[in-house]
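K.L.:
Sharing a structure, written as structure tokens. Questions coming.
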Amino acid sequence: MRKSRKLIAILATLALLATLLVPMVGPAAAASDYIVSNIPSLQAGQTYTSGLPTLTIDLKSLTVPGYVYLFLPKTPTGWSASVTATVPPTIGSSPNALAPSDVAVTTNTAGDEIYVNVTHVTGVGNDGRIILNFSRLVVPGGVSGDVNLEAYAPSDSPFSSGKITIARIGGGSVSLTVDEVNTITSGGGDVYINIKESAPGALKVATDSLKLTLPPGFRWSSPNLVNTYSGNVTIGGFDPSGNDGRDLKINVTGASNGTTGAYVKIKAHIDPDETVARYGDVEVSVSGGGGTSVSTGSLLVAKYGDFGVNVSTENVSTIKSGTTEERLDTKLVIEESAPGSLVTGRTITLTLPENVRWAGNLPTKDTDLTKDEGSISLSWSYIGSDGRTLKATVSGTSSGQKNGAKIVFKDFYVSTAPDFTGDLKVDVAGSAVTGTSLLLAKVEAPVNLTAASAPEVKIGLPGQEVGDITITEVAKEAIKANITYSSANSNGALTGTTTNVRARLELKAPSGVTFSNVPKVEVIEGDLQLDTSAVSTDTTSNNEGLLYIPVKSASTKPSTIKISGIKLTVDRTVPEGPLAIKVRGTAVNQTLGLSGTTVSNTSLTDTFFPGHKDVAKAIVANCVTPAPGEQKATVVFKISDTKYTVNGVEQTMDAAPYIKDGRTFVPVRYAAQAVGVTPENILYADGKVTLIKGDKVVQLTIGSNIMLINGVGIAMDVPAEIQDGRTMLPVSWLGKALDVKAIWDEATQSVTMTL
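When the letters of the sequence shown are read in order and numbered with mature numbering (1 follows the signal peptide of the UniProt record, and there is no 0), they come out as residues -30 to -1, 1 to 725.
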């Protein structure tokens, strides 16, 4: 019994598995596409027999027959359609699953229901295609918007259900365009305007279906219809008389009622009134009448301008001063306001300011940006001998072009003096243009020079320390590693020659200021390479201190140089006030000319920009008046005369100088003044006189010929003494001890002490 039950269970399971392996025959899921060839724009209350769409029905992997109903709108009544069916033999390169005999298409009596029935599938599994051709469509009055077929198919049908848009009723607008915007002059000109409906009937029947209004100073004349490209709108005429001739009204006497909107072209003449019309764009205001909706509110139809030439610049460059043959990215734009404005033989000149010269090749035409030039050509040349003026001479004409010429030039090269910074403006003149000034470039120094502090330094003292100095590049490679020198052609325009000779930076002090030491030089940011082992100092013939910094290789990113431990000697000729250090040298100046045949840092001169070598400066100190004991002074003593002068001002002593043993003796207080010692630094004690000045202490003992300087004894040929109760000092020996020069004048019996 148990074995029988187990066998029955096994057989039942096998039976179930067998049913799962048998292919299922039943309705396929709906998978049809409805493709409409075009969506015509129609008008209500019309019957259409042409221009109507086709509806392609694609059925994917068709296996079973089925049907679909296509319903036209039920409200309002009056919708009706006629269709014919086409069943193509193939779909692409594959056979159609349907044969013509497999498909039946019918409409109901009212014509508002289309029944598509697939009764058989010849090629099971292939894709099927049915094409419905609308040969007639009746649109009832009072409707607008999309015309939708409602597709209904049962769930077991291969057709899909949904909405299918086959047309659009009313609601169109009108757009306007021009083929080209041309330039007109005081004689006026024709314009061609395209008028397009987005749907038939958008242009409503009205005497002012469209109104085109010109700006003040312009009038319409001679309007006419050029062509009708589509649609069946009827233009009944034009009225250009309204609003002092500024309004052009277009009279539509018959609206389009086909399946496509109207497209027409009109032509009209525009006459400017020179006393009122403004140069520039001529823009028409567009409005619709009688219900016409316009999508173009305004329309640029022309440009108005008299004969003239405008010159401007675009894409203005920023460059570094002190460079030669620097190519500018700046474009020079020469534009005619009307064709024929540039006349053969006329000229345009470009003159640079002082301390800037043209360089390199002459400018070239930018063919990508130039347009409407006709046969115009501008040939460039240098004029003069200072390298500052370029001249363009006109040949040919743009007459016959629709617009004035726009000619763009590029590849301008300049050389700027090292100290020329700010706006580089070029003066435009010549017989072809009205004179003006244009921004050609912006110029910045290649480096910035800054000082950490500006301490006081005293006139007449050596070894005075000032704050650290930094030199910062404004861009990579601003400091050059190799010398580039300049040479000029016969017109003074410069060209540069780069050599393999190492360039250097130079720091220059003012006259009377020299470097007391070789300071520390290092690169603290970036990858500029300096030869710090070869840093050295020098002095010019004008007693200007120089610090040389050789450059080994240029930077790949902006770098900063720090100079520290700077000590300066300031002589007595330096004026009081700010003390500036300047940076110059072949590493930042490519405009120097070659003197001789050998290139070196010392063989180049400022031939082309005389006196303009420095690219930047910084205040590193403030020169101040020395302390009273360090005052500059010239003191004159006369033997046996209590009168003496200080810087030419007469004063009186309480005892007169005298000569003893060939030496001039002066009362101690006045002798101290003569050598720059202040009263508080004159000390008397135990027959000794002590004078303190700066870092020196001088001591003389009455009756002794030994003078102590900072404790070191110096033998004099006469001792200090007391005469008539006054302490008298040998002033010449005192001057020697404190570096004050004494000059004896035998003729006047006077001694002059210069401090």
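For every residue, glycine included, the Cβ atom is placed at its ideal position computed from N, Cα and C.
Give me the Cα-Cα distance between His239 and Asp160, rounded to the nearest whole angstrom.
P.N.:
Within the sequence shown, numbered from 1, the residue matching residue 239 stands at position 269. Within the sequence shown, numbered from 1, the residue matching residue 160 stands at position 190. Whole-angstrom Cα-Cα distance: 4 Å.
K.L.:
I need the straight-line Cα distance from Val94 to Leu68, nearest angstrom please.
P.N.:
Taking the first residue of the sequence shown as 1, we reach residue 94 at position 124. Taking the first residue of the sequence shown as 1, we reach residue 68 at position 98. Distance between the alpha carbons of Val94 and Leu68: 9 Å.
K.L.:
Nearest-angstrom Cα distance between Leu494 and Thr484?
P.N.:
Indexing the sequence shown from 1 puts residue 494 at position 524. Indexing the sequence shown from 1 puts residue 484 at position 514. Note that residue 494 is Ile in the sequence shown, not Leu. Looking at the two C-alpha atoms, the distance is approximately 25 Å.
K.L.:
Name the residue from Trp350, Gly370, Gly354, Val659 whose alpha carbon lies nearest to the alpha carbon of Ala362.
P.N.:
On the sequence shown, residue 362 is found 392 positions in, with the first residue counted as 1. If we check each option's Cα against that of Ala362, Trp350 comes out closest.
K.L.:
Could you spell out the range, first to last residue, of the alpha helix (DSSP H) harbouring Ser702?
P.N.:
In the sequence shown, the residue the question calls residue 702 occupies position 732. Looking at the DSSP string, the run of the alpha helix (DSSP H) that includes Ser702 is 701 to 707.
K.L.:
Would you decide whether His582 is buried or exposed? Buried here means 16 or more other CB atoms lie within 10 Å of its CB.
P.N.:
Residue numbering aside, residue 582 sits at position 612 when the sequence shown is read from its first letter. With 16 or more other Cβ atoms within 10 Å, it is buried.
K.L.:
Using the three-state DSSP reduction, which class does Thr650 fall into: helix, strand or coil?
P.N.:
On the sequence shown, position 680 is the one that residue 650 refers to. What sits at residue 650 in the sequence shown is Glu, not Thr. Looking at Glu650 - three-state DSSP - the assignment turns out to be helix.
K.L.:
If distances are taken between C-alpha atoms only, which option among Thr467, Gly207, Arg189, Thr367 comes closest to Asn452?
P.N.:
Position 482 of the sequence shown holds residue 452. Of Thr467, Gly207, Arg189, Thr367, the residue nearest in Cα terms is Thr467.
K.L.:
Considering only residues of the same chain and omitting the five flanking positions on each side of Ile439, which have a CB-CB separation below 6 Å?
P.N.:
As a first step, residue 439 is located in the sequence shown; it is residue number 469 there, counting from the start. Result list for Ile439: Ala421, Ile533, in chain order.
K.L.:
Once you ignore the five residues that flank Glu83 on each side, which residues in its own chain have a CB closer than 8 Å to its CB?
P.N.:
Within the sequence shown, residue 83 is the residue found at index 113, counting from 1. Tyr39, Leu40, Phe41, Leu42, Thr77, listed in sequence order.
K.L.:
Which value, in whole angstroms, describes the spacing of the CA atoms of Ile629 and Ser481?
P.N.:
What you label residue 629 is simply residue 659 of the sequence shown in a count that begins at 1. What you label residue 481 is simply residue 511 of the sequence shown in a count that begins at 1. Straight-line Cα distance between these residues: approximately 41 Å.
K.L.:
Tell me, to the nearest whole angstrom, how far the beta carbon of Ser529 is from that of Asp497; I am working on the premise that it is less than 8 Å.
P.N.:
Stepping through the sequence shown from its first residue, residue 529 is reached at position 559. Stepping through the sequence shown from its first residue, residue 497 is reached at position 527. Yes, Ser529 and Asp497 are in contact; Cβ-Cβ is about 6 Å, under 8 Å.
K.L.:
Assuming Ile346 and Ile377 are in contact, meaning their beta carbons sit under 8 Å apart, how far apart are those beta carbons, in whole angstroms?
P.N.:
Within the sequence shown, residue 346 is the residue found at index 376, counting from 1. Within the sequence shown, residue 377 is the residue found at index 407, counting from 1. Yes, they are in contact, since the Cβ atoms of Ile346 and Ile377 sit about 7 Å apart, within 8 Å.
K.L.:
If you pair each beta-carbon of the stretch 296 to 314 with each one of the stretch 379 to 387, do three or more pairs fall below 8 Å?
P.N.:
Yes: at least three Cβ pairs fall under 8 Å.
K.L.:
Does any residue of chain D have a CB that is nearer than 9 Å to the CB of Ser125?
P.N.:
Any reference to chain D falls outside this structure, which holds one protein chain only.
K.L.:
Just mark residue 797 as buried or exposed, buried being the case when its beta carbon has 16 or more other beta carbons within 10 Å.
P.N.:
With the chain covering only -30 through 725, there is no way to say anything about residue 797.
K.L.:
Are the CB atoms of Val108 and Ser50 within a distance shorter than 9 Å?
P.N.:
To locate residue 50, count along the sequence shown from 1; it is residue 80. To locate residue 108, count along the sequence shown from 1; it is residue 138. Contact flag set, yes.
K.L.:
Look at the Cβ atom of residue 740, then the Cβ atom of Gly98, and state whether they are nearer than 9 Å.
P.N.:
Here the chain covers residues -30 to 725 and nothing more, so residue 740 does not appear.
K.L.:
Can you give, in chain order, each stretch of the beta strand (DSSP E) that sits fully within the stretch 508 to 558 and has at least 3 residues?
P.N.:
Qualifying beta strand (DSSP E) stretches, in chain order: 514 to 523, 530 to 534, 537 to 540, 547 to 554.
K.L.:
Among Ile679, Ile163, Val605, whose alpha-carbon lies nearest the alpha-carbon of Ser720?
P.N.:
As a working note, residue 720 is residue 750 in the sequence shown. Among Ile679, Ile163, Val605, the Cα nearest to that of Ser720 belongs to Val605.
K.L.:
Which class does Ala121 belong to by DSSP, given the choice of helix, strand or coil?
P.N.:
Taking the sequence shown and counting its residues from 1, the one referred to as residue 121 is at position 151. Strand, per DSSP.
K.L.:
When we look at the beta-carbon of Ser307 and count the other beta-carbons within 10 Å, is it buried (16 or more) or exposed?
P.N.:
Within the sequence shown, numbered from 1, the residue matching residue 307 stands at position 337. It is buried - the Cβ of Ser307 has at least 16 other Cβ atoms within 10 Å.
K.L.:
Can you give me the start and stop residues for the beta strand (DSSP E) that Leu320 sits inside?
P.N.:
To locate residue 320, count along the sequence shown from 1; it is residue 350. Looking at the DSSP string, the run of the beta strand (DSSP E) that includes Leu320 is 317 to 321.
K.L.:
Excluding the five sequence neighbours on either side, which residues of its own chain have a C-beta within less than 6 Å of the C-beta of Ala164, listed in chain order?
P.N.:
Translated into the one-based positions of the sequence shown, residue 164 becomes position 194. According to the sequence as given, residue 164 is Asn; it is not Ala. Excluding positions up to five away in sequence, the list reads Thr147, Lys235.
K.L.:
In the structure shown, what three-state DSSP assignment does Arg99 receive?
P.N.:
Residue mapping note: residue 99 aligns to position 129 of the sequence shown, counting from 1. Of the three classes helix, strand and coil, the one that applies to Arg99 here is strand, per DSSP.
K.L.:
May I ask which residues mark the beginning and end of the beta strand (DSSP E) holding Tyr249?
P.N.:
Within the sequence shown, the letter at position 279 stands for residue 249. Run containing Tyr249: none; DSSP gives neither H nor E here.
K.L.:
For Ile531 and Ile551, what's the separation of their Cα atoms in angstroms?
P.N.:
For the purposes of this step, residue 531 is taken as the residue at position 561 of the sequence shown. For the purposes of this step, residue 551 is taken as the residue at position 581 of the sequence shown. Roughly 15 Å separates the two Cα atoms.
K.L.:
If you draw a straight line from the C-alpha of Thr92 to the C-alpha of Ile9, how long is it?
P.N.:
Counting from 1 along the sequence shown, the entry for residue 92 is found at position 122. Counting from 1 along the sequence shown, the entry for residue 9 is found at position 39. Computed Cα separation, rounded: 33 Å.
K.L.:
So the candidates are Gly433, Glu492, Tyr455; which of them puts its Cα closest to the Cα of Ile441?
P.N.:
Counting from 1 along the sequence shown, the entry for residue 441 is found at position 471. The shortest Cα separation from Ile441 among Gly433, Glu492, Tyr455 belongs to Glu492.
K.L.:
Take the Cβ of Gly695 as the centre, count every other Cβ of all protein chains shown within 10 Å, and call the residue buried at 16 or more, exposed below.
P.N.:
Taking the sequence shown and counting its residues from 1, one reaches residue 695 at position 725. By the neighbour-count rule (16 or more Cβ atoms within 10 Å), Gly695 is not buried but exposed.
K.L.:
Alpha carbon to alpha carbon, how far is Val264 from Pro416?
P.N.:
One-based indexing of the sequence shown puts residue 264 at position 294. One-based indexing of the sequence shown puts residue 416 at position 446. Roughly 59 Å between the two C-alpha positions.
K.L.:
Assuming the contact rule is C-beta atoms closer than 8 Å, Thr595 and Glu546 should be a hit. Round their C-beta distance to whole Å, please.
P.N.:
Taking the first residue of the sequence shown as position 1, residue 595 is located at position 625. Taking the first residue of the sequence shown as position 1, residue 546 is located at position 576. Between Glu546 and Thr595 the Cβ distance is about 6 Å, and since that is below 8 Å, they are a contact.
K.L.:
Could you give the uninterrupted runs of the beta strand (DSSP E) lying entirely in the stretch 668 to 703, keeping only those of 3 residues or more?
P.N.:
Runs found: 676 to 679, 682 to 685, 691 to 693, 696 to 700.
K.L.:
For Thr77, write down the residues that DSSP places opposite it in a beta bridge.
P.N.:
Indexing the sequence shown from 1 puts residue 77 at position 107. DSSP lists Ile84 as partners of Thr77.
K.L.:
When the Cβ atoms of the stretch 247 to 255 are set against those of the stretch 173 to 193, are three or more pairs found closer than 8 Å?
P.N.:
Yes, they touch.
K.L.:
For the pair the stretch 219 to 232 and the stretch 187 to 202, tell me if three or more CB-CB distances fall below 8 Å.
P.N.:
The stretch 219 to 232 is in contact with the stretch 187 to 202.
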